[in-house]
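Visitor: Below you will find the structure I want to go over with you.
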Amino acid sequence: MSAFASLTARRRIIVAISGASGAVYGARLLQVLQGTAGIEPHLVVSSAGWRNIEVELGMERAYVESMASQVHDVRDVGAALGSGSFACSGMVIAPCSMRTLAAVAHGLGDNLLTRAADVMLKERRRLVLLVRESPLHITHLRNMLSVTEMGGIICPPVPAFNLHPQSIGDIVDHSVARALDLLDVPHNLARRWQASALAEAA
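Taking the working numbering as reference, the numbering of the sequence shown is continuous, increasing by one, and the terminal residue is 413.
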């Protein structure tokens, strides 16, 4: 373990929730990280993100905040998350709105959420964006390309119907599981694909 990584006994991971539909992804990710040994989840939510949490999930703000080790005000650009000296393993924006994507793609750290994402990129740390929009126009696609070229990972929450999900929860857990894989966080959220006997015999 490097000297930098040892600054904290637990791995810090930032969960950011922006204003796209799909607040359930961020809430579920936070819930899983809260219950994972060795992980210290930090939370930052945009104003539109809080609105979607209330409208889509019916969750009270206090309950969501209780799942994080620390909650950061999105308006406080001077908070610890906005500095490269903040020891952090990675960040997930779940869901990621097109507005937030654009800000990240163009280095516009105009609030703590986008500033923290910019720090992830400049420090060459893992940044995962669960982008939510459809259909996409060319500016959306160009912004995704820009973030990818800078080292971020575009990871749309796409259902895996080959795993035969039985509920909305199964579909959500699959996408959250993929995000956790990208952060190297162990989990048992979703069944992994197993090669068929026919494929193994081929």
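Heads up, the beta-carbon is just placed ideally off N, CA and C, and yes, glycines get one too. Treat the numbers as computed from the prediction; the structure is a model and nothing was measured.
Counting Cβ pairs closer than 8 Å, one from the region 323-335 and one from the region 232-239, do we hit at least three?
Guide: Counting Cβ pairs under 8 Å, fewer than three are found: no touch.
Visitor: Near Asp-395, which residues of its chain fall below 7 Å by C-beta distance, leaving aside the five closest residues on each side in sequence?
Guide: Cβ within range, chain order: n/a, list empty.
Visitor: Going along the chain, which residues of its own chain have a beta-carbon closer than 7 Å to the beta-carbon of Cys-307, five neighbours each way excluded?
Guide: Within the same chain, Cys-307 has close Cβ partners Ser-229, Ala-231, Leu-340, Leu-341, Val-342 and Arg-343.
Visitor: Between which two residues does the beta strand (DSSP E) containing Val-303 stretch?
Guide: Start and end: 301-307.
Visitor: I'd like to know if Ser-258 contacts chain D, where contact means its C-beta is closer than 8 Å to some C-beta of that chain.
Guide: As a matter of chain content, chain D is missing from the structure shown, which is built from one protein chain.
Visitor: Using three-state DSSP, classify Leu-338 as helix, strand or coil.
Guide: Of the three classes helix, strand and coil, the one that applies to Leu-338 here is strand, per DSSP.
Visitor: Exposed or buried, what is Gly-363 when buried is set at 16 or more other beta-carbons lying within 10 Å of its beta-carbon?
Guide: The residue is buried, with at least 16 neighbouring Cβ atoms inside 10 Å.
Visitor: At 3 residues or longer, and completely inside the region 260-333: list those beta strand (DSSP E) runs for me, N to C.
Guide: Runs found: 281-283 and 301-307.
Visitor: What whole-angstrom Cβ distance do Asn-322 and Arg-286 have, given they're in contact under 8 Å?
Guide: Confirmed, about 6 Å.
Visitor: From Glu-360, Ala-401, Asn-354 and Val-226, pick the residue whose C-alpha is nearest to that of Ala-305; which is it?
Guide: For the residues Glu-360, Ala-401, Asn-354 and Val-226, the minimum Cα distance to Ala-305 belongs to Val-226.
Visitor: Return the CA-CA distance between Val-369 and Val-387, expressed in angstroms with no decimal places.
Guide: Going by the C-alpha atoms only, they are around 10 Å apart.
Visitor: Going by alpha carbons, who is nearest to Pro-367 out of Ser-257, Leu-347, Glu-276 and Thr-325?
Guide: It is Leu-347.
Visitor: Can you find the residues in the same chain that come closer than 8 Å, C-beta to C-beta, to Ser-294, ignoring five residues on each side of it along the sequence?
Guide: If we look at Ser-294 and ignore the five residues flanking it on each side, its Cβ neighbours are Val-330.
Visitor: Tell me Pro-252's beta-bridge partners as DSSP assigns them.
Guide: Answer by DSSP bridge pairing, in chain order: Ile-224.
Visitor: Taking the continuous alpha helix (DSSP H) assigned at Ala-401, which residues delimit it?
Guide: Taken as a continuous stretch (DSSP letters only), Ala-401 belongs to no alpha helix (DSSP H), as it is neither H nor E.
Visitor: Nearest to Ala-279 by alpha carbon, out of Leu-312, Leu-241 and Ala-290?
Guide: If we check each option's Cα against that of Ala-279, Leu-241 comes out closest.
Visitor: Check for me: the alpha helix (DSSP H) holding Glu-360 runs from which residue to which?
Guide: Glu-360 -> alpha helix (DSSP H) spans 349-360.
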